[in-house]
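For reference, the structure discussed in these notes is given below.
There are 2 protein chains.
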Amino acid sequence: MKTITSLSNPLIKAWKKLDTKKGRREAKEFLIEGEHLIEEALKSGCVKHILLLEGLHHPFCAKEQAIQVSQKVLDELSSTNSKAQMMAVCSIVEQHVQTRNKVVLLDGVQDPGNLGTIVRTAVSFGYDQVILSKECVDLYNEKVVRSTQGALFAISVITRDLVEEIHALKQEGFFVYGTSLHEAVFLKDRKKTQRCALVLGNEGAGVSEQVLEECNQNLMIEMDQFESLNVAVAAGIAMYTLRYE
Amino acid sequence: MKTITSLSNPLIKAWKKLDTKKGRREAKEFLIEGEHLIEEALKSGCVKHILLLEGLHHPFCAKEQAIQVSQKVLDELSSTNSKAQMMAVCSIVEQHVQTRNKVVLLDGVQDPGNLGTIVRTAVSFGYDQVILSKECVDLYNEKVVRSTQGALFAISVITRDLVEEIHALKQEGFFVYGTSLHEAVFLKDRKKTQRCALVLGNEGAGVSEQVLEECNQNLMIEMDQFESLNVAVAAGIAMYTLRYE
Numbered sequence: 001m002k003t004i005t006s007l008s009n010p011l012i013k014a015w016k017k018l019d020t021k022k023g024r025r026e027a028k029e030f031l032i033e034g035e036h037l038i039e040e041a042l043k044s045g046c047v048k049h050i051l052l053l054e055g056l057h058h059p060f061c062a063k064e065q066a067i068q069v070s071q072k073v074l075d076e077l078s079s080t081n082s083k084a085q086m087m088a089v090c091s092i093v094e095q096h097v098q099t100r101n102k103v104v105l106l107d108g109v110q111d112p113g114n115l116g117t118i119v120r121t122a123v124s125f126g127y128d129q130v131i132l133s134k135e136c137v138d139l140y141n142e143k144v145v146r147s148t149q150g151a152l153f154a155i156s157v158i159t160r161d162l163v164e165e166i167h168a169l170k171q172e173g174f175f176v177y178g179t180s181l182h183e184a185v186f187l188k189d190r191k192k193t194q195r196c197a198l199v200l201g202n203e204g205a206g207v208s209e210q211v212l213e214e215c216n217q218n219l220m221i222e223m224d225q226f227e228s229l230n231v232a233v234a235a236g237i238a239m240y241t242l243r244y245e
Numbered sequence: 001m002k003t004i005t006s007l008s009n010p011l012i013k014a015w016k017k018l019d020t021k022k023g024r025r026e027a028k029e030f031l032i033e034g035e036h037l038i039e040e041a042l043k044s045g046c047v048k049h050i051l052l053l054e055g056l057h058h059p060f061c062a063k064e065q066a067i068q069v070s071q072k073v074l075d076e077l078s079s080t081n082s083k084a085q086m087m088a089v090c091s092i093v094e095q096h097v098q099t100r101n102k103v104v105l106l107d108g109v110q111d112p113g114n115l116g117t118i119v120r121t122a123v124s125f126g127y128d129q130v131i132l133s134k135e136c137v138d139l140y141n142e143k144v145v146r147s148t149q150g151a152l153f154a155i156s157v158i159t160r161d162l163v164e165e166i167h168a169l170k171q172e173g174f175f176v177y178g179t180s181l182h183e184a185v186f187l188k189d190r191k192k193t194q195r196c197a198l199v200l201g202n203e204g205a206g207v208s209e210q211v212l213e214e215c216n217q218n219l220m221i222e223m224d225q226f227e228s229l230n231v232a233v234a235a236g237i238a239m240y241t242l243r244y245e
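Chains as they are written, first to last, in our numbering: chain A, 1 to 245; chain B, 1 to 245.
Next up, the structure:
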C-alpha cells in the first residue's frame with residue numbers, strides 16, 4: 001500500500017483544494033469522510049482513493065484504491081474537528097436516469113443541511129431525480145454530503161436552468177407542482193397525477209416568480225398557524241403525500 | 001437608557017454564564033439574538049433585558065428593558081461570528097396548557113437543528129405541547145432557539161420522564177403512537193384517533209424500548225427504499241398526517 005505522510009506531497013496539495021466549490025469543479029473530485037459514506041460511495045463506483053490512517057486495520061486496506069496516510073494529512077484534509085481515521089477522494093459524475101416519473105426541483109436552497117436532507121428523503125421515497133438551480137448550495141459541500149448520509153450516491157442529482165427543465169418535463173408529460181404561500185391550493189386539494197414534479201424554493205424567498213409561472217399548479221401545506229415550515233420538512237411532507245396518497 | 005461598555009461589569013459576567021446549560025438552569029435565563037426572535041419573545045412576555053448596540057436607532061430603544069451596550073459586549077455574549085446588533089436576556093418559564101389534544105414527545109433528540117425544527121413544525125400544525133425526555137439537547141441551546149425561529153415562545157415545551165407522562169396521557173384519554181422500524185404499522189394504516197400523542201426518538205437509536213412498550217401502536221412511514229428519514233422530516237410527515245388526514 002502506498003504511503004503519504006508529508007503535507008507538501010503534490011497529491012495532498014491538490015486534494016486540499018477540494019475544500020472549495022471552485023477547486024472541486026476544476027478537479028471534478030470531492031472528499032468524503034467516515035466509513036458509512038465511503039461504503040456507499042464504493043457501491044456507486046466513484047471512489048478514486050481511500051485515505052486510511054497509518055496502522056489502522058480495516059477491510060478497506062485491501063482495496064486497490066487504499067493509501068496509507070498520517071494523522072497530520074487527515075487533519076489537513078478533514079473539514080471536521082474530530083480526528084478522522086478515513087477519507088476518500090471521489091469523482092464528480094452526473095448520474096443519468098433512463099426514465100423518470102417523480103422528480104424534485106430545488107430553486108436556490110441555501111442551507112447545506114436542508115439540501116442534504118431533501119436528497120436523503122428523495123431516495124427513501126423512490127424519487128428518480130433531484131434537479132438543482134445554479135443558486136443552490138454546492139451538492140459536494142462537505143456538510144451537504146454528510147446530511148445526505150450517503151444518499152447522493154444513490155440518485156441522479158443534476159444542475160439545470162429550472163425554467164428550461166420545467167418545459168422539458170411538461171413535454172415529457174409531467175405535471176409540475178410549485179409551492180407558494182399565495183395563490184395556491186392545499187396539498188390535499190391538488191389535482192392528482194402519477195407523473196409529477198415538485199418545486200421547492202429558497203429558505204427565505206421561496207420559489208422565484210419566473211419559476212412559479214411555469215408550474216401547472218401551486219401547492220401549499222395545510223397549517224393551523226401561519227408560520228412557515230422548514231423547507232426540508234415541507235419537502236418531506238409534499239414528497240410523501242405525492243408518492244403515497 | 002442604561003449603558004454598559006465594560007466586560008468586567010457584573011451583569012455581563014453573569015450573562016456570559018448563560019452560554020452553558022448549567023449556567024442557564026441556575027440563572028433560569030437564556031440569551032437570544034436578532035430582531036425577529038426578540039419580537040417573538042416580547043409577545044410572550046419573557047424578556048428581561050434588551051441589549052442594543054450603542055448608537056443604534058430602533059423602536060426597541062424605547063422599551064423599558066433596553067440597555068445600550070458596546071460592540072465588545074455583544075461580541076462577548078454572542079454565540080455567532082456575525083456582528084450582533086441586538087440581543088435579549090429572557091426568563092426560562094415553563095408554559096402550561098389548559099387542555100391538550102395533540103402532543104409530541106421526543107425521546108433523546110440530540111441535534112439542535114432537529115429539536116428546533118420539530119418545535120417550529122408543532123406550532124405550525126397546532127399541536128398543544130412538546131414533551132422532552134431528559135436526554136434531549138437543551139431547548140435553550142442557542143442553535144435550538146435559532147432553529148425554532150421563535151416558535152418556542154408560542155408553545156408549551158416541558159421536560160418529563162416519558163414513561164410517566166405516557167401513563168398520564170393515556171389516563172387523559174390519549175391514544176399514544178410510537179415510531180419504530182420494527183413491529184409497526186404503516187402511517188396510512190394506523191388506528192385513527194382525534195386525541196393523540198406521537199413519540200419520536202433519537203437520531204441513531206430511535207425511541208427507547210421501555211418507551212415503545214408503553215405506546216398503544218407503533219407507526220412507520222411508508223418508504224420505497226429502506227433508508228431512514230431525518231427525525232425532523234419524519235416528525236413533520238407524521239404530525240401532518242395525524243393532524244390533517
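All C-beta atoms in this analysis are idealised placements derived from N, C-alpha and C, irrespective of residue type, glycine included.
- Measuring only between beta-carbons, confirm whether ILE32 (chain A) sits less than 8 Å from chain B. The residue labelled residue 32 (chain A) in the question sits at position 32 within the first sequence. For ILE32 (chain A), the answer is no, since every Cβ of chain B falls outside 8 Å of its Cβ.
- Task: Taking ASN114 (chain A) as part of the alpha helix (DSSP H), name the residues at either end of that continuous run.
- Result: Numbered from its first residue, the first sequence carries residue 114 (chain A) at position 114. It spans 112-124 - the alpha helix (DSSP H) in which ASN114 (chain A) sits, taken as one unbroken run.
- Query: Going by DSSP, what residues sit across from ILE67 (chain A) in a beta bridge?
  - Reply: Taking the first residue of the first sequence as 1, we reach residue 67 (chain A) at position 67. DSSP lists A:LYS2 and A:LEU51 as partners of ILE67 (chain A).
- In chain A, which residues lie with their C-beta within 7 Å of the C-beta of PHE125 (chain B)? For the purposes of this step, residue 125 (chain B) is taken as the residue at position 125 of the second sequence. In chain order: MET223 and ASP224.
- Closer than 8 Å by C-beta to GLY173 (chain B): which residues in its own chain qualify, once you throw out the five before and the five after it? Chain order, please. To locate residue 173 (chain B), count along the second sequence from 1; it is residue 173. Here the set comprises ARG195.
- Task: Give a yes or no on whether 8 Å exceeds the smallest Cβ distance from GLU227 (chain A) to chain B.
- Result: Taking the first residue of the first sequence as position 1, residue 227 (chain A) is located at position 227. At least one chain B Cβ lies under 8 Å of GLU227 (chain A).
- Message: With H, G and I counted as helix, E and B as strand and the rest as coil, what does DSSP make of ILE221 (chain A)?
- Response: Residue mapping note: residue 221 (chain A) aligns to position 221 of the first sequence, counting from 1. Correct three-state label for ILE221 (chain A): coil.
- Query: If we cut at 8 Å on Cβ distances, does THR117 (chain B) have a partner in chain A?
  - Reply: Residue 117 (chain B) sits at position 117 when you count from the first residue of the second sequence. Taking Cβ atoms only, chain A reaches closer than 8 Å to THR117 (chain B), which makes this a yes.
- Helix, strand or coil at LYS43 (chain A) [DSSP, three-state]: For this step, residue 43 (chain A) is matched to residue 43 along the first sequence. Residue state, collapsed to three classes: helix.
- Message: Tell me which residue opens and which closes the beta strand (DSSP E) that GLY201 (chain B) is part of.
- Response: As a working note, residue 201 (chain B) is residue 201 in the second sequence. Per DSSP, GLY201 (chain B) belongs to the beta strand (DSSP E) from 196-201.
- Item | THR193 (chain B) versus ALA84 (chain A) - alpha carbon distance | Position 193 of the second sequence, counting from 1, holds the residue named residue 193 (chain B). Position 84 of the first sequence, counting from 1, holds the residue named residue 84 (chain A). Whole-angstrom Cα-Cα distance: 48 Å.
- Among residues of its own chain, excluding the 5 on either side of ASN114 (chain A), which ones have a beta-carbon nearer than 6 Å to its beta-carbon? By 1-based counting over the first sequence, the position of residue 114 (chain A) is 114. For ASN114 (chain A), where only same-chain residues beyond five positions count, the Cβ hits under 6 Å are VAL231 and ALA232.
- Task: Name, going along the chain, the residues of the segment 88-114 of chain B whose beta-carbon falls closer than 7 Å to a beta-carbon of chain A.
- Result: GLY113
- Query: Which chain B residues sit within Cβ distance under 7 Å of ALA27 (chain A)?
  - Reply: As a position in the first sequence, residue 27 (chain A) is number 27, starting the count at 1. Chain B residues near ALA27 (chain A): none, gap ~29 Å exceeds 7 Å.
- Is the CB of GLY201 (chain B) under 8 Å away from at least one CB in chain A? Walking along the second sequence from the start, residue 201 (chain B) turns up at place 201. By this cut-off, GLY201 (chain B) is not an interface position.
- Task: With ALA88 (chain B) as the anchor, note down where its beta strand (DSSP E) starts and where it stops.
- Result: As a working note, residue 88 (chain B) is residue 88 in the second sequence. Run containing ALA88 (chain B): 86-91, per the beta strand (DSSP E) assignment.
- Message: Cutting at 6 Å between CB atoms, please list the residues of its own chain near VAL125 (chain B), excluding the five before and the five after it.
- Response: Locating residue 125 (chain B) in the second sequence gives position 125, where the first residue counts as 1. According to the sequence as given, residue 125 (chain B) is Phe; it is not Val. Hits under 6 Å: MET239 and ARG243.
- Query: Roughly how many whole angstroms lie between the Cα atoms of VAL47 (chain B) and GLU183 (chain A)?
  - Reply: What you label residue 47 (chain B) is simply residue 47 of the second sequence in a count that begins at 1. What you label residue 183 (chain A) is simply residue 183 of the first sequence in a count that begins at 1. Whole-angstrom Cα-Cα distance: 37 Å.
- Query: Is it true that the CB of PHE30 (chain A) sits closer than 8 Å to the CB of CYS90 (chain A)?
  - Reply: Locating residue 90 (chain A) in the first sequence gives position 90, counting from the first residue. Locating residue 30 (chain A) in the first sequence gives position 30, counting from the first residue. Going by C-beta atoms, CYS90 (chain A) is nearer than 8 Å to PHE30 (chain A).
- Just the Cα atoms here: how many angstroms apart are MET86 (chain B) and GLN71 (chain B)? Stepping through the second sequence from its first residue, residue 86 (chain B) is reached at position 86. Stepping through the second sequence from its first residue, residue 71 (chain B) is reached at position 71. Each residue's alpha carbon lies about 10 Å from the other.
- Using a beta-carbon distance below 8 Å, is GLY148 (chain A) in contact with chain B? For the purposes of this step, residue 148 (chain A) is taken as the residue at position 148 of the first sequence. A small correction: the amino acid at residue 148 (chain A) is Thr; Gly does not occupy that position in the sequence shown. With 8 Å as the cut-off, THR148 (chain A) does not count as an interface residue toward chain B.
- DSSP state of TYR240 (chain A), grouped into three classes? Looking up residue 240 (chain A) in the first sequence gives position 240. Helix, per DSSP.
- Can you give the Cα-Cα distance for ASN246 (chain A) and LYS22 (chain B), rounded to whole angstroms? A question about residue 246 (chain A) goes unanswered here, because the residues of chain A that appear run from 1 up to 245.
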